[in-house]
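**Student:** Numbering-wise, numbering that gives the first Met the number 0 puts 164 at position 165 of the sequence shown, and it's gapless, one number per residue.
The beta-carbon is built from N, C-alpha and C at its ideal position, and this holds for glycine as well.
Below are the structure tokens for one structure; questions will follow.
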Amino acid sequence: MALRSQLVSVYVACRCLLLSLLLSSSAAPSGAYASSVLQPYDLVYYSGVRAYFGQEWSRAAELLEKSLETRQTLLSVRRQCHDDCVSAGSHALNKLDSQEGSLWDLWMLDWVQQRAECLRFCIGRSVTPAGQLPVSTDIEYEFGTRNPYNFLQVTYYNLEKLQKAAAAAYTYFVSNPSHLEMRNNIEKYRRMKGVTEEDFQDRELENEKHWVLYDAALQHEASSDWVKAADKWKACVNETLRQMEECRVQCDVASQRMPEDRGTDSADSVFEKAAALSLSLLSCRQYCVTQVATRPGRISAQEDYLPTQLEHLHIARFKAADIVGALRMLRSLLLFYPSDRDSLDNLQLYLETLEGDTESQGAQPVQEIVGYISRSLEEKKLLYFGMENFDFQFIDPDLWTPEDVVPESLRESWRAEKEKINKKIKEGEQVEEVDDSGFFSGGAVHQVGVTITMDDELLNGTNRVVLDGVMTEKECDKILQLAKEAASVGDGYRGRRSPHTPHETFEGLTVLRAVKLAQDGLVNQSDALLLHELGERVRVLLHSYFRSPSGLFISFTHLVCRSAVAGEQEGRLDLSHPVHVDNCLLEPQTKQCWREPPAFIHRDLSAILYLNDNFDGGELFFTNRDAKTVTAQVKPSCGRLVGFSSGPVNPHGVTAVTNGRRCALALWFTKEKLYSDMEREEAEALWAADGHSKFKKEEQETEGSSATSRNARSAQAPKEKSRGRGRVTGAKDEL
């Protein structure tokens, strides 16, 4: 143990020297930085904020943008210098395996010094001395929460650069999804002239590629497209490893703060500082797992992020008939959890499937995963050694760490902490589902001829209802005829033939488009009026049944028809619409539902009014949050209305339409007037202009309130800084 302690002390002392050389670069002669260009990005940022509060909008925009650019360039310079200096001192490094005692120490110091000198010189060519110093925790928080974009969206608005303002607002909202003001600003930008959906770009998307791939892989899984799912999971694993490596490099190269001096000049104090610096570096590397596994805007990381991807990947490859690939991924997963019962059972299955193919049965884990785990375990051993001998604090970010890595003296507390985490996870899985929507099913239904066919009890859920008799057969026929004459392929989905499956075509029609077609004499005007009136009919019914304590406003209405594509139904395993939740992003693996864009977070109540039943499939079904356990199914028929709260208590999907054409009117409602359907209001204004007395009267009655509301939306343009996050898309959801 004494020898091991001595070697560790030498190691941390050398690492201290490396970091000290990096930190002392600001004291080098000024001539060494003659070509330096990067100023401290925190200084540039503060200058931009001062210009912002001074309402110097052009200067504020220039400086805030420069602070973002400078920070990104600094990271790139560090990365490039790290790569350029990897081989520095390699001759000395190669000597370490053959040297012992003092010579080993000298070669170690030589290697560290050469590498540090290379980094110091390389970074110094592009960054000023002040620009190399560590920034404050306040600045780290500002950029970590994307607050520069918060200032930029107001700045660009005042400069009347609305496209740039929309992009800045959207980028900020992505990292701050619960910020109401920014969410409202985004909706206002969306309604402004000259702003298109393409303007709502996440400018930090480069750092989120692994999450984009993760979500795409889940989407392909939901559609049972296993080949594409496997490709996306593989890309996701590679991108996750790349992001973690990038994070680790920044830990290695970024300037570090020296530990506080405890007031002693002894050699022990020097070694303590060396140990603290080295262990802090190792800890930074370990926490890269947490950083990469945390979605923007979320507080906590997704547990077992990389092992989860490997699990999905081996299953996807198996279902895509790539057994050898599945075996390699499974053996990679077993490196994390070598005694997992399910994984071992799957291993046996794969080996039996490959029986007789000795070469394939010997498929080994992916080398990148082998290296990742080996390196991580070595770092953990040093960190736990530091906890035991240097009073260093470290919380292991991984659940898969084997017990034998932890020193005996720490195992009892380690086991207790792990048990606490496992208990918390189990409790989270057993939490009873509670609907906090503010709706309470069971209210009266006043419309003559409408009956309650299924309630919460029969639908095995909360705030769910099926009402029959909402439309007559004649009304169903009129709307079906309207859909036949006017519905356009992919309407609401940017022209895609079908937004969810290649085995069906998708057609849609909005109220506003129906009105415009009626004005042009292309469809029957009474049919367009009926389409509009049905929305109000459903609103009144559901407002009463769900006993909404506040007003209920129509957020969007969409006449939707799905048609089975002939010759493409044999062996079909996908859904017409995968399981989802209307106002949050469902993660079946974690059973979490994140209320953030691209989910339509303003939706409070959902409804489907069916028009026909002469087709096969197309049933609505509800599930638990696992997206697998079906709790209820509803078969469509003319005049049947399904209503339910839009939140996480009601995950739902639509079974495949395998024959015929399924048509329904999809409606969403909100308790916030701000999000009432603007297209619907525009349609009513067109009707009123044409002389329809009904809408003239409604317009006069609401002239004071609704006009004031609309003016308020425009007047409340962003004038001051706000805080917020999200990923908003323009596509209309449907059921």
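1. Should the stretch 612 to 629 be called in touch with the stretch 568 to 580, which here means at least 3 C-beta pairs below 8 Å?
2. Within the continuous alpha helix (DSSP H) that includes M191, where are the two ends?
3. Need the endpoints of the beta strand (DSSP E) that L558 sits in, please.
4. Quick one: measure Cβ to Cβ for K231 and A216, integer angstroms, because I've assumed they're closer than 8 Å.
5. How close, in whole Å, do the beta carbons of E503 and V404 come, if the pair is a contact with beta carbons under 8 Å?
6. Helix, strand or coil for R241? Go by DSSP, reduced to three states.
7. Can you give me the start and stop residues for the alpha helix (DSSP H) that S645 sits inside?
8. If you draw a straight line from the C-alpha of S66 to the C-alpha of V444, how long is it?
9. On the criterion of 16 or more Cβ atoms from any shown chain inside 10 Å, does L516 qualify as buried, or is it exposed?
10. Run through the DSSP bridge pairs and tell me what R661 is partnered with.
11. Per DSSP, Y156 forms a beta bridge with which residues?
12. Looking at the secondary structure, which residues open and close the beta strand (DSSP E) in which F621 lies?
13. Starting from L348, follow the alpha helix (DSSP H) in both directions and report where the run begins and ends.
14. Identify the continuous alpha helix (DSSP H) that holds Q588 and give its terminal residues.
15. Identify the residues that DSSP records as bridge partners of M470: which are they?
16. Check whether the Cβ atoms of L458 and A663 sit closer than 7 Å, and answer yes or no.
17. Since A166 and Y156 should fall inside the 8 Å C-beta cutoff, what is the C-beta to C-beta distance between them, to a whole number of angstroms?
18. Using the beta-carbon count (16 or more within 10 Å), is I314 buried or exposed?
19. Specify the secondary structure class of Q518 as computed by DSSP and reduced to three states.
20. Tell me whether L516, by its Cβ, gets closer than 6 Å to a heavy atom of the ligand ZN.
21. From L666 to F552, what does the alpha carbon distance come to, in whole angstroms?
22. Report the CB separation of L382 from S282 in whole angstroms; it is logged as a contact under 8 Å.
23. Compute the distance between the beta-carbons of L640 and V469, then report whether it is under 7 Å.
24. Mapping the DSSP letters down to three states, classify L37 as helix, strand or coil.
25. By Cβ distance, which residues of its chain are closer than 6 Å to P406, with the 5 residues on each side in sequence left out?
26. Using the C-alpha atoms, what's the distance from L312 back to K318?
27. Kindly indicate the opening and closing residues of the alpha helix (DSSP H) around D83.
28. Among the residues of its own chain, which have a CB less than 6 Å from the CB of G642, if the five just before and after it don't count?
29. Kindly indicate which three-state DSSP category G324 falls into: helix, strand or coil?
**Tutor:** Looking at the coordinates:
1. Three or more Cβ pairs closer than 8 Å define a contact, and the stretch 612 to 629 meets that threshold against the stretch 568 to 580.
2. Here residue 191 corresponds to residue number 192 of the sequence shown, with the count starting at 1. Per DSSP, M191 lies in no alpha helix (DSSP H) segment and is marked neither H nor E.
3. Position 559 of the sequence shown, counted from the first residue, corresponds to residue 558. Per DSSP, L558 belongs to the beta strand (DSSP E) from 552 to 563.
4. Walking along the sequence shown from the start, residue 231 turns up at place 232. Walking along the sequence shown from the start, residue 216 turns up at place 217. Their Cβ separation, rounded to whole angstroms, is 4 Å, which keeps K231 and A216 in contact under 8 Å.
5. Counting from one through the sequence shown, the residue named residue 503 turns up at place 504. Counting from one through the sequence shown, the residue named residue 404 turns up at place 405. Not a contact, Cβ separation roughly 52 Å.
6. Here residue 241 refers to the residue found at position 242 of the sequence shown. Looking at R241 - three-state DSSP - the assignment turns out to be helix.
7. As a working mapping, residue 645 is identified with position 646 in the sequence shown. Counting along the chain, no alpha helix (DSSP H) covers S645, and no H or E run does either.
8. Working through the sequence shown from its first residue, we reach residue 66 at position 67. Working through the sequence shown from its first residue, we reach residue 444 at position 445. Straight-line Cα distance between these residues: approximately 59 Å.
9. Here residue 516 refers to the residue found at position 517 when the sequence shown is read from its first residue. Buried.
10. Looking up residue 661 in the sequence shown gives position 662. Here R661 is bridged, per DSSP, to R561.
11. As a working note, residue 156 is residue 157 in the sequence shown. Answer is none; Y156 lacks a bridge partner.
12. For the purposes of this step, residue 621 is taken as the residue at position 622 of the sequence shown. Counting along the chain, the beta strand (DSSP E) containing F621 begins and ends at 619 to 622.
13. What you label residue 348 is simply residue 349 of the sequence shown in a count that begins at 1. Per DSSP, L348 is one residue of the alpha helix (DSSP H) stretching across 340 to 352.
14. Mapped onto the sequence shown, residue 588 falls at position 589. No alpha helix (DSSP H) holds Q588; DSSP gives it neither H nor E.
15. Start at 1 with the first residue of the sequence shown, and residue 470 comes out as number 471. In DSSP, M470 forms no bridge with anything.
16. For the purposes of this step, residue 458 is taken as residue 459 along the sequence shown, with counting starting at 1. For the purposes of this step, residue 663 is taken as residue 664 along the sequence shown, with counting starting at 1. Taking 7 Å as the Cβ cut-off, L458 and A663 do not qualify as a contacting pair.
17. To locate residue 166, count along the sequence shown from 1; it is residue 167. To locate residue 156, count along the sequence shown from 1; it is residue 157. Between Y156 and A166 the Cβ distance is about 12 Å, and since that is not below 8 Å, they are no contact.
18. If you number the sequence shown from 1, residue 314 lands on position 315. Around the CB of I314, 16 or more other CB atoms lie within 10 Å, so the residue is classed as buried.
19. On the sequence shown, position 519 is the one that residue 518 refers to. Of the three classes helix, strand and coil, the one that applies to Q518 here is helix, per DSSP.
20. With respect to the ligand ZN, the structure shown offers nothing to examine, as it has no ligands at all.
21. Along the sequence shown, read from residue 1 onward, the residue named residue 666 stands at position 667. Along the sequence shown, read from residue 1 onward, the residue named residue 552 stands at position 553. Answer to the nearest angstrom: the Cα atoms are 11 Å apart.
22. As a first step, residue 382 is located in the sequence shown; it is residue number 383 there, counting from the start. As a first step, residue 282 is located in the sequence shown; it is residue number 283 there, counting from the start. With 8 Å as the limit, L382 and S282 qualify as a contact, their Cβ atoms being about 6 Å apart.
23. The residue given as residue 640 occupies position 641 in the sequence shown. The residue given as residue 469 occupies position 470 in the sequence shown. The answer is yes: Cβ separation under 7 Å.
24. Numbered from 1 along the sequence shown, position 38 holds the residue referred to as residue 37. Correct three-state label for L37: strand.
25. On the sequence shown, position 407 is the one that residue 406 refers to. Once the five neighbours on either side are set aside, the close Cβ partners of P406 are Y383, E387.
26. For the purposes of this step, residue 318 is taken as the residue at position 319 of the sequence shown. For the purposes of this step, residue 312 is taken as the residue at position 313 of the sequence shown. Linking K318 to L312 through their CA atoms gives a straight-line distance of about 10 Å.
27. The residue given as residue 83 occupies position 84 in the sequence shown. In the DSSP annotation of this structure, the continuous segment of the alpha helix (DSSP H) that includes D83 starts and ends at 56 to 83.
28. Position 643 of the sequence shown holds residue 642. Within the same chain, Cβ atoms closer than 6 Å to the Cβ of G642 are found at V464, L541, A606, the five residues on either side in sequence being excluded.
29. Indexing the sequence shown from 1 puts residue 324 at position 325. G324: helix per DSSP, three-state reduction.
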